[in-house]
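First residue of the sequence shown? That's 1 in the numbering used here, and the numbers climb one at a time after it. By construction, the Cβ of each residue, glycine as well, lies at the ideal position given by its N, Cα and C atoms. So the structure is just underneath, and the comments pick up after that.
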Amino acid sequence: MVNPFDDDTAQFIVLVNEEQQYSLWPAASEVPGGWRTARPEGSRQECLDFVEATWLDMRPASLVNAMAAEGK
Numbered sequence: 001m002v003n004p005f006d007d008d009t010a011q012f013i014v015l016v017n018e019e020q021q022y023s024l025w026p027a028a029s030e031v032p033g034g035w036r037t038a039r040p041e042g043s044r045q046e047c048l049d050f051v052e053a054t055w056l057d058m059r060p061a062s063l064v065n066a067m068a069a070e071g072k
């Protein structure tokens, strides 16, 4: 049995949480609490490309905000 997260033939969505962290998620699976859809269903590669182009700062949003408040 293939891990659904590694299945290149499956359809995926991209999720994002309140910390602006992204995740690939099998389209056939329910979106977990605390996450929302950032990109609609597509191929695994399309979703990976979206994440690569979108998630440019890997720091959690709370850290970005704290550092901005400190003037760093």
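Proximity below 7 Å, CB of residue i to CB of residue j
i, j, result
"Val-16", "Cys-47", "no"
"Ala-61", "Glu-19", "yes"
"Glu-41", "Ala-27", "yes"
"Val-64", "Tyr-22", "no"
"Phe-12", "Arg-44", "yes"
Range of the contiguous beta strand (DSSP E) that encloses residue i
i, result
"Leu-15", "11–17"
For residue i: DSSP bridge partner residues
i, result
"Thr-54", "Answer is none; Thr-54 lacks a bridge partner."
"Arg-36", "Val-16"
"Pro-26", "Phe-12"
Test: residue i CB closer than 7 Å to a CB of chain C
i, result
"Arg-39", "No chain C is part of this structure, which consists of one protein chain only."
Residue range of the unbroken alpha helix (DSSP H) whose run includes residue i
i, result
"Met-67", "61–69"
Same chain, Cβ closer than 6 Å to residue i, five either side skipped, listed in chain order
i, result
"Trp-55", "Tyr-22"
Residues near residue i by beta carbon distance below 8 Å, same chain, minus five either side
i, result
"Ala-10", "Pro-4, Pro-26, Ala-27, Ala-28 and Arg-44"
"Gly-34", "Asn-17 and Glu-18"
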